[in-house]
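Notes for the one structure printed next.
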Amino acid sequence: MDYFIQQLINGITLGGIYALIALGYTMVYGVIQLINFAHGEFFAAGGYVGVILLSYFAGRGLMETHPWICLGMSFMLTMGYCAFLAMGVEKVAYLPLRNQSRLAALLSALGVSIFLSNALMLTQGVFDKPYPGELFNGGWEFGLVTISYLQVMIVTMTIVLLVSLNILVFKTKMGMAMRATAQDKTMSALVAIGSNRIISLTFAIGAGLAAAAGIMVGLYYGSVRYDMGFVPGIKAFSAAVLGGIGNITGAMLGGLIIGMVEIFGAGYISGQYKDVFAFIILIAVLYFKPTGIMGVNVDDTRV
Amino acid sequence: MTDPILELKDVHSGYGSIKALKGISLRVYPGEVVAIIGANGAGKSTTLMTICGIVKAERGQVIYKGQVINTLLPEKLPTLGLCQVPEGRRIFPRLTVMENLRLGAFYRKDTDEILKDIQKAYEMFPILGERKNQEGGTLSGGEQQMLAIARALMTKPKVLLLDEPSLGLAPIIVQQIFNIIDRINKEDGTTILLVEQNANLALQAATRGYVVETGQITLEDDSTSLLANPKIRAAYLGE
Ligand SMILES: Nc1ncnc2c1ncn2[C@@H]1O[C@H](COP(=O)(O)OP(=O)(O)OP(=O)(O)O)[C@@H](O)[C@H]1O
Ligand SMILES: [Mg+2]
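Protein chains in written order, with the working numbering: chain A, 19 to 321; chain B, 35 to 273.
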């Protein structure tokens, strides 16, 4: 039982992180029907900018005196950086192909992914980069169950981000405009909504969330690597498909499920297969219910 | 007469190799209701979409209030007072009635006025008030047409382009819609350019009309003259 609860806690932590990444896939798909293969790279970039900033703060001893401010600053700056990176990528690699076939943009996304990942390798090296170690050590122990402070921080942060996103998308004027753009770009233009601006904003938000997830993963596993975007990227993509691509609530749910399945699969079946479970789910969803849990039908995209 | 508020000068446009408009010229004066009639595929909707910049004019000019607008981005035009209710109404199906109305005022910053205008819309179309939290896609055709018009009014248009507002609606609803159109024109002084397949209806509502055939204007006259014209009666009034 203790083991089960421990796994549950670990699963929620990981699932939340996947949910954050999955949102970027699903939102971008919602507004322009593009699977942004480069999305995982924003996550990786986030992990790196995070480690650079935190190491800088730690090196100055600021981590000891003002840990929360340093952490908050690192999250904000990293998310901002990745948001701008994503808007740049969108302008350069996707905007010019907007009226071309979808395949063109898809190939462009693959190219961007390879480019960004190599840029990260060339500038940061091929070896693991450790996160400053002394952050958030310790935790609460309930018998055999341990909840680390880090897990609490990650889950809280995830909840804050997910709730903020929901408010933004479902309660604000910008969110309305985003959903309108996803539903009908011509009509949006007829009521003065410039779709390019909204699309840019969507990329920025998605990348910002992925960047936050990047720092969380870095903190959680203790280090980052240039190719860290690949596997979590595909898992988060699976989560988005599982939830119904284009559907925001679906992506959150899908992320949580994939995280749980991975942790429980690793815990009860085999740790060596932990990366396989997400793909089994992806294949099963595509086979049995390609529209996902929340999707209505494939053309019925929603943000 | 004064200067036209909207003018098309020899406008050509189309979809890739398909030339839909082959030199359309027309003028709409402030406060007028002008009708465009024509058969299926004549280019009526393309004319409105070209005015709104959704379809790019390949040749010629679209001039609004003395300014050439066919070089502007389409999303700029509603902010200048030019708005279209497109064919098929194009309600945002998964936004609520209220959200659809709110987005009509997307570019406006006057929050208090916007809320008042939404209330006005509910007074003009009480059914929309009753349905305000319902998704647009669940409304009936008539309700959607009302919402589409109300949404367009939220942009505070000076010139309103209407594409087949009677399409697929029961006669009694059509009557309601045309009463509203008349009110918008008379009470707010909004200029209206009306596209209709139902020529009889359109010419009764309008003071002047243009006849479009295969991308060109073939006739232009007062509504009364057009209604009396034997050719028009034969081709568009089903006689
Ligand atoms: N998106 C499009 N792609 C290609 N061709 C188009 C497109 N839209 C319209 N056309 C073509 O342009 C021409 C004019 O079409 P348009 O929609 O303007 O006609 P219309 O007068 O509005 O007809 P209707 O009364 O049936 O609405 C037609 O030949 C049509 O096939
Ligand atoms: Mg038409």
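Glycine included, each C-beta is placed from N, C-alpha and C at the ideal position.
With distances taken between CA atoms, residue 86 (chain A) lies nearest to A:171 out of A:67, A:171 and A:221. Residue 93 (chain B) is bridged by DSSP to B:46. With a threshold of 7 Å, the Cβ atom of residue 231 (chain B) counts as near ligand 1, since some heavy atom of the ligand is closer than that. The residue among A:204, A:96, A:145 and A:118 with its C-alpha nearest the C-alpha of residue 120 (chain B) is A:204. For residue 256 (chain B), the distance from the CB to the nearest heavy atom of ligand 2 is not below 7 Å. Against chain A, the CB of residue 138 (chain B) has a partner CB under 8 Å away; the residue lies at that interface.
At the C-beta level, residue 267 (chain A) and residue 34 (chain A) stay beyond 8 Å of one another.
Residue 54 (chain A) and residue 62 (chain B) have their C-alpha atoms spaced approximately 46 Å apart. Residue side-chain check: residue 74 (chain B) places its Cβ nearer than 7 Å to a non-hydrogen atom of ligand 1. The DSSP assignment places complete beta strand (DSSP E) segments of no fewer than 3 residues inside the region 131-199 of chain B at 193-197, in order along the chain. Rounded to whole angstroms, the separation of the alpha carbons of residue 20 (chain A) and residue 162 (chain A) is 6 Å.
In the same chain as residue 196 (chain B), and ignoring 5 residues on each side of it, the C-beta atoms closer than 8 Å to its own belong to 118, 119, 183, 215, 226, 227, 228 and 229, in chain order. A direct Cα-Cα distance of roughly 27 Å separates residue 270 (chain A) from residue 132 (chain B).
Proximity to residue 233 (chain B) across B:250, B:209, B:272 and B:223 peaks at B:272, based on C-alpha coordinates.
Closer than 7 Å to some heavy atom of ligand 2: that describes the Cβ of residue 78 (chain B). For residue 129 (chain B), the residues of chain A that pass the 9 Å Cβ criterion are 194, 197, 198 and 201, in the order they occur in the chain. Here residue 86 (chain B) carries a coil assignment [DSSP, helix/strand/coil]. Taken through DSSP and simplified to helix, strand or coil, residue 36 (chain A) comes out as helix. In this structure, residue 91 (chain B) has its beta carbon at no less than 7 Å from each heavy atom of ligand 1.
The region 208-254 of chain B is shown to contain whole beta strand (DSSP E) runs of 3 or more residues at 225-230 and 242-247, in chain order. The beta carbon of residue 207 (chain A) falls within 8 Å of a beta carbon belonging to chain B, placing the residue at that interface.
Taking all protein chains in view, the Cβ of residue 275 (chain A) is crowded by 16 or more other Cβ atoms within 10 Å, so the residue is classified as buried. Relative to ligand 2, the beta carbon of residue 133 (chain B) is positioned no closer than 7 Å to any heavy atom. Per the DSSP secondary-structure output, residue 148 (chain A) pairs in a beta bridge with A:241.
Looking at the backbone, the Cα of residue 217 (chain A) and that of residue 267 (chain B) are separated by about 49 Å.
Rounded to the nearest whole angstrom, the C-alpha separation of residue 257 (chain A) and residue 307 (chain A) is 13 Å. DSSP places residue 51 (chain B) in the coil class of the three-state scheme, outside both helix and strand. Shown here for residue 113 (chain B): same chain residues with a beta carbon closer than 7 Å to its own, the five before and five after excluded, namely 141 in chain order. Ranking B:180, B:265 and B:64 by CA distance to the CA of residue 100 (chain B) puts B:64 first. For a cut-off of 8 Å, the C-beta gap from residue 168 (chain B) to residue 130 (chain B) is around 6 Å, short enough to register as a contact.
Annotated as proximal: residue 128 (chain B) and residue 171 (chain B), with beta-carbon spacing under 8 Å. In this structure the region 49-67 of chain A lies against the region 213-233 of chain A, because at least three pairs of beta carbons, one per stretch, are closer than 8 Å. Between ligand 1 and residue 121 (chain B), a heavy atom-to-CB distance of less than 7 Å is present.
For the region 254-288 of chain A, the set of positions with a beta-carbon nearer than 9 Å to some beta-carbon of chain B is empty. For residue 140 (chain A), the number of other beta carbons within 10 angstroms of its own is below 16, and it is reported as exposed. The secondary-structure analysis by DSSP pairs residue 61 (chain B) across a beta bridge with B:41.
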